[in-house]
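One structure below.
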Amino acid sequence: MRNGGHGRFPLAALALGLMFIAPLLRASDDDCLACHSDRQLKSAQGRALFVDQERFKTSIHGQAGIGCVDCHADLMKVKDFPHAEKLKPVACVSCHDAEETEIKASIHGKPQEGPNPIIVFCKDCHGTHDIRGKEDSESSVYSLNLPDTCESCHLQRVRTQRGSELIRQYNLSVHFRALEKAGLSLSATCVTCHGGHGVRAVKDSESRVSRKNIIRTCGRCHVGIEKNYLDGVHGKDYIKGSADVPVCIDCHSEHDIVSPENLGSRVYGTRVAAVCSRCHDDERLARQYGFLTSRLKSYSASYHGTASKFGEIRVANCASCHGFHDIRVSSDPKSSINPTNMSKTCGKCHLGASSNFAKGKVHVISEKTESRGSYVAKVIYMSIIGGMVSIFLIFIAADLYRRKRKRRSP
Amino acid sequence: MNETGLIRDDEVFLRMNLVERIQHFLLIFSMGTLMLTGLPLIFTELKIFKSIFAFEKAFYFRGILHRVAAVVLIVNIVWHVLTTVFTKRGRSNFKELLPKVRDVKDAWNLFWHNVGLTRFLYKKGVGKAFFDKHPALLFEKEPEFGRYNFIEKFEYWAVAWGSFVMILSGFFMWKVELSLKLFPLWVHDIFVIVHGYEAMLAFLAVIIWHMYNVHLNPEVFPMSKIWLNGKITGHELRTLHPLEYRKIGEGRKRRLEEANAAQPK
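Here the protein sequences come in this chain order: A and B. Per the working numbering, the first sequence runs over residues 1017 to 1426. Per the working numbering, the second sequence runs over residues 34 to 298.
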């Protein structure tokens, strides 16, 4: 943001005065372009020094009437051209000081570790003479162009701790596809989640994608889901500051987030059980929060779980019955697995499901202590099968034994 | 008692008529399909099933196939019951198939005859006086079977019982909404458990018991062909089903005598 006038009269008057006087004192754009409009112009090191006049005029600075020496301020008073080759770097801060403060606090503003510390300048993201507003579709920071801008460093020069593969995964995500394929400029880009000038390392608790802030960050677009999540059993503990409950990225993954209908999604129908059981089969968490483990085992043993293993997605997974963002404990009257709601929940698939759906355990383990009926049936059948097979084998053995002896001594 | 040469060893008898062979074939087809499409649900980790059901929509297709085979099995059973009730041959076979106390004795006797433990002890002079008093316990003679021996009767009734259990539990698994209108969930769970274990029992019974008796048994190896051509020879009848053999022989003898008596001299 330009920070020219402070609204106080004397300063404004001074500025106004400068506007008239300045052109008389300083070098005009025409003076600069006398040389810099030459496409062949190069520095001693061979760097191109050409300035595209047309592009500059349509840039946000050009449109605002800002001249060359406003930014290249050390040329302001120079009268002899050509000027010295070495110029001071442009200090955007002279106008954009709020952004400068943000950047100083961000990961881009801090010296990086490693043998070749990379310093990020404004121009690395915004360009130089051709800077455009973020709403301008030609801008390097326009949402549809932004991933390319970030990736030009983060896929090439910069190695994040978790490798460039993690960055590349974004290009597989539903967010990127929305940008790329659907041209949906509102879809999440790097900046939407990580922040722009204020981008911080993920491990920084002030980062927008830190555990503390991620719900808020995703919720900026997914408003309804944020609300549902905070109403659910996970969200309630999240608010209390629990470090154990899952947040968005624990189930949906991070950069390669895709639609649950997509086979590659971590919450695709047949893969949901694996995601939930990472915590729900964990003994420590089970003890601490008083839930039962073996849910994956009992689900896998059911028809739902078995069919799911064979890739059938029409059968129930964890989320089909328990819900997903607003999962509630069964004692909650609003819970989809509260006994009073079971016939409705089961009825989503089993049309006309009766209240009998609630009479018995859904997660059957067929152990002595639980699901007595199934356990007894299982034990009876195991004995019958064991007994029968033993009798078969004994009879066959006896038969073969007799035949062998007969052959030896007819 | 002598068969008096009324039955030649190479004479051919019909043991399974065409209808019975078709019913047997339909049973093989439906049971095979049911096992192939059902057992993978129990042995989910076995690679062979996963490679068979690797294509897309495979699981849906499996379910359809399983139900089609179930319907074939049911139709086959209904047909079998009808032929059993409404044909003379069916009624007579059924009578022959009824389990008797004799079958248990046959099984017992055959087993100890095969093992030959008591004969071995007798030969070694152990308990000589006891065995002299109870010569039956030596199991010298192989038990003699009628039209259906205890093995065949057992298999027949095992299929009948198994089909009943599988059709009943399977029907309620097919119509789970109906099942849960009638029963609480824990009863339905028992249907599911029973369906799985009965399937395994049937599978093992077929693989071990039936396959041994009709294929691997040295008596018939590599395979008894009765299920294909329905034929059994007089020789086989005499060795495997001596009681039936004698019955046929006596029948012929009687008819011969009646014919002789009716013939004026």
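C-beta atoms are modelled at their ideal positions from N, C-alpha and C, and glycine is treated no differently. In this text, all values refer to a predicted model and were calculated from it rather than measured experimentally.
Spanning the alpha carbons of B:F216 and A:N1372 requires a straight line of approximately 7 Å.
B:L47 carries a strand assignment under DSSP once its states are collapsed to helix, strand and coil. With contacts defined by Cβ atoms closer than 8 Å, A:L1195 and B:E210 do not form a contacting pair. Bounds of the alpha helix (DSSP H) holding A:T1074 are Q1069 to T1074. With contacts defined as CB atoms closer than 8 Å, B:F224 and B:F205 qualify as a contacting pair.
Within chain A, A1414, D1415, Y1417 and R1418 have C-beta atoms less than 7 Å from the C-beta of B:N147, given in sequence order. B:I85 carries a helical assignment under DSSP once its states are collapsed to helix, strand and coil. Burial check for B:W242: the Cβ neighbour count within 10 Å reaches 16 or more, so the residue is buried.
Taking C-alpha positions only, B:K280 is separated from A:M1398 by approximately 42 Å. Against chain B, the beta carbon of A:S1387 has neighbours under 8 Å at W219 and D222, listed in chain order.
Looking at the backbone, the Cα of B:H167 and that of A:K1420 are separated by about 27 Å. In the three-state scheme derived from DSSP, where H, G and I count as helix and E and B as strand, B:K264 is classed as strand. Taking the CA atoms as reference points, A:G1179 sits about 35 Å from B:K83. Within chain A, the residues placing a beta-carbon under 9 Å from that of B:V225 are S1318, Y1319, V1380 and S1390, ordered along the chain. Taking the C-beta atoms as reference points, A:I1147 is found no nearer than 8 Å to A:V1174.
Contact of A:S1351 with chain B is not assigned, every C-beta pair being separated by 8 Å or more. DSSP lists A:A1064 as the beta-bridge partner residues of A:K1058. A:I1119 is positioned such that its CB atom lies no closer than 8 Å to that of A:R1216.
Ranked by Cα distance from A:H1099, the options A:L1049, A:A1080, A:Q1079 and A:S1346 are led by A:L1049.
Proximity of A:T1286 to chain B, defined by a Cβ-Cβ separation below 8 Å, is not satisfied. A:A1107 and A:F1137 have their C-alpha atoms some 10 Å from each other.
Under the three-state reduction of DSSP, B:L289 is assigned to helix. Here the alpha carbon of A:A1259 sits roughly 31 Å from the alpha carbon of A:T1117. Counting only the Cα atoms, B:G179 lies some 6 Å from B:P275. The Cβ neighbour count for B:L51, taken over all protein chains shown within 10 Å, is under 16; the residue is labelled exposed. Chain A has a Cβ within less than 8 Å of the Cβ of B:L237.
Taking all protein chains in view, the Cβ of A:Y1417 is surrounded by fewer than 16 other Cβ atoms within 10 Å, so the residue is classified as exposed.
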